[in-house]
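First comes the structure, then the notes that go with it.
Number of protein chains: 4
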Amino acid sequence: MAVQARGKQDHAMRLRRIEGQVRGLQRMVEDDKYCIDILTQVSAATSALKSFSLSLLEDHLAHCVAEATLKGGPEADAKVKEASDAIARLVRS
Amino acid sequence: MAVQARGKQDHAMRLRRIEGQVRGLQRMVEDDKYCIDILTQVSAATSALKSFSLSLLEDHLAHCVAEATLKGGPEADAKVKEASDAIARLVRS
Amino acid sequence: MAVQARGKQDHAMRLRRIEGQVRGLQRMVEDDKYCIDILTQVSAATSALKSFSLSLLEDHLAHCVAEATLKGGPEADAKVKEASDAIARLVRS
Amino acid sequence: MAVQARGKQDHAMRLRRIEGQVRGLQRMVEDDKYCIDILTQVSAATSALKSFSLSLLEDHLAHCVAEATLKGGPEADAKVKEASDAIARLVRS
């Protein structure tokens, strides 16, 4: 439980930082910064979003999917399918 | 010129929308929403950031790189190299 | 077991098709085909490799990770960590 | 011209190496290698394909797109649009 509470705080902090990156991008556009410099910051924000989702996904596999597996039955298979679909969306986003 | 002013407004609007998506993610984490639903929204925000950078890149190729090409010389080569490096960072982000 | 044998045949078939795509790319380069047409085929081959890895990963989560979860203990955590690391490499490749 | 001939040889060599990686993947599946080890090799092959396309794209920007820009007119705009669409497919593949 404590672990998941720490997870939640960590997730919230990462997202606040990403929000800051996106605001920074808005200022760069407003100030007519050089395109390539803006693109570098977009790549950084995209990487940060991907890291966030990878961390969320690891928690999900370790908690929700693992619990469903222990219960077994069709729900376990459904959770694996659902996680795999989320991974596919992530890989293709 | 008018095109680039429109481009700037379009870029600013896309980024405000992405900022909204990232705030929405923060609320989802705060409200303990289901991981998979959060992941779906992260994929949407990541796609939106990628679309933004593709649109910025197209403008850059059509304006800055094209101008450098018309001037010619080593600066033209440097601009193509710089744009290619930005594309590589984008593809790998 | 039968399922995994079918999985193996399916994986082998996908890879043979991808090998065919890569050979096709070699012929396109040899025949001086237009860069953009080659790039379109590279994107198709990259997508096929990603689909292959997503299918492999789903099998892995449904079999190896699920079995480790049922046994429990540190090995279960290690399997989730290992799968998450593989997903991260995939997302960033 | 000599540069482009070298480019062609370099492209052909990269693709032969990628073909070798895909054959290696087929052997791994055939020999029932551990999923995670196969996934690591798939990520390597995917990265190699992306590097190949980035190198091809840089050549294309430096030669075909630059030539069209020098000629000017609607063909120049069309080349930039075409290259941008190829970059978008690459980023999303």
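Chains as they are written, first to last, in the UniProt record's numbering: chain V, 1 to 93; chain W, 1 to 93; chain B, 1 to 93; chain C, 1 to 93.
Note that CB positions come from ideal geometry on N, CA and C, so glycine has one too.
Which of helix, strand or coil DSSP assigns to V:L73: Residue 73 of chain V is actually Gly in this sequence, not Leu. Coil at V:G73, not helix or strand.
is_contact[V:I87, chain B] using C-beta, thresh 8 angstroms: yes
Short-range partners of chain C found in the stretch 63-93 of chain W, where Cβ spacing is below 8 angstroms: V65, A66, T69, L70, A76, D77, V80, K81, A83, S84, I87, A88, L90, V91 and R92
Proximity test, Cβ basis, 8 angstroms: W:A12 and chain V: yes
Residue ranges of each alpha helix (DSSP H) within the stretch 2-53 of chain V, 4 or longer: 2-30
Contact under 8 angstroms by Cβ, C:C35 with B:C35: Result no, Cβ atoms of C:C35 and B:C35 do not sit closer than 8 angstroms.
Between the CA atoms of W:Q21 and B:Q41 - distance to the nearest angstrom: 33 angstroms
Within chain V, partners of W:D59 - CB distance below 9 angstroms: At a C-beta separation below 9 angstroms, W:D59 has these neighbours in chain V: C35.
Assigned exposure category for V:E75 - 16 Cβ within 10 Å defines buried: Classified as exposed, V:E75 has fewer than 16 neighbouring CB atoms from the shown chains inside 10 Å of its CB.
Rounded C-alpha distance that separates V:A48 from V:I18: Taking the Cα positions, V:A48 is about 7 angstroms away from V:I18.
Interface partners of B:R23 on chain E, CB under 8 angstroms: The structure shown contains no chain E; its protein chains are V, W, B and C.
Between the CA atoms of W:K50 and B:L57 - distance to the nearest angstrom: 25 angstroms
Pairwise C-alpha distance: V:I87 and V:D77: 15 angstroms
Distance between beta carbons of B:S43 and C:R89, contact taken as under 8 angstroms: 4 angstroms
Where W:S84 falls: helix, strand or coil (DSSP): helix
Check: W:S55 C-beta below 7 angstroms from any heavy atom of the ligand MG: Ligands in the displayed structure: none, and consequently the ligand MG is not present.
Distance between C:G72 and C:S55 (C-alpha atoms, nearest Å): 25 angstroms
8 angstroms Cβ shell around residue 94 of chain B - same chain, five flanking residues per side excluded: No answer is possible for residue 94 of chain B: it lies beyond the span of chain B, which begins at 1 and ends at 93.
Within 8 angstroms, strictly: CB atoms of W:L25 and V:L61: no
Min CB distance B:K8 to chain V below 8 angstroms: no
Min CB distance V:L56 to chain B below 8 angstroms: no
Partners in chain C for B:A5, counting only beta-carbon separations shorter than 7 angstroms: By Cβ distance, chain C contributes nothing, its closest Cβ being about 11 angstroms from B:A5, past 7 angstroms.
Three-state secondary structure (DSSP) of V:S93: In the structure shown, the three-state DSSP call for V:S93 is coil.
Same chain, Cβ closer than 7 angstroms to V:A83, neighbours up to 5 away in sequence not counted: H60, L61 and V65
Proximal chain V residues relative to W:I43, where beta-carbon distance stays under 7 angstroms: Rather than Ile, the amino acid found at residue 43 of chain W in this sequence is Ser. Result: R89, L90 and S93.
Selection from W:F52, W:K33 and W:H11 that minimises the alpha carbon distance to V:D32: W:H11
V:M13 versus V:T46, V:L39 and V:F52, residue with shortest Cα-Cα distance: V:F52
Neighbour list for W:S53 in chain V, Cβ cutoff strictly below 7 angstroms: L39 and V42
V:K79 classed as buried or exposed, judged by whether at least 16 other C-beta atoms fall within 10 angstroms: Residue burial annotation: V:K79 is buried, with at least 16 other C-beta atoms found within 10 angstroms of its C-beta.
Distance between W:K8 and W:M1 (C-alpha atoms, nearest Å): Any reading at W:M1 must be qualified, since the residue scores a pLDDT of 40, below 50, and its modelled position is unreliable; no value is offered.
Exposure of B:A5, with buried meaning 16 or more beta-carbon neighbours within 10 Å: exposed
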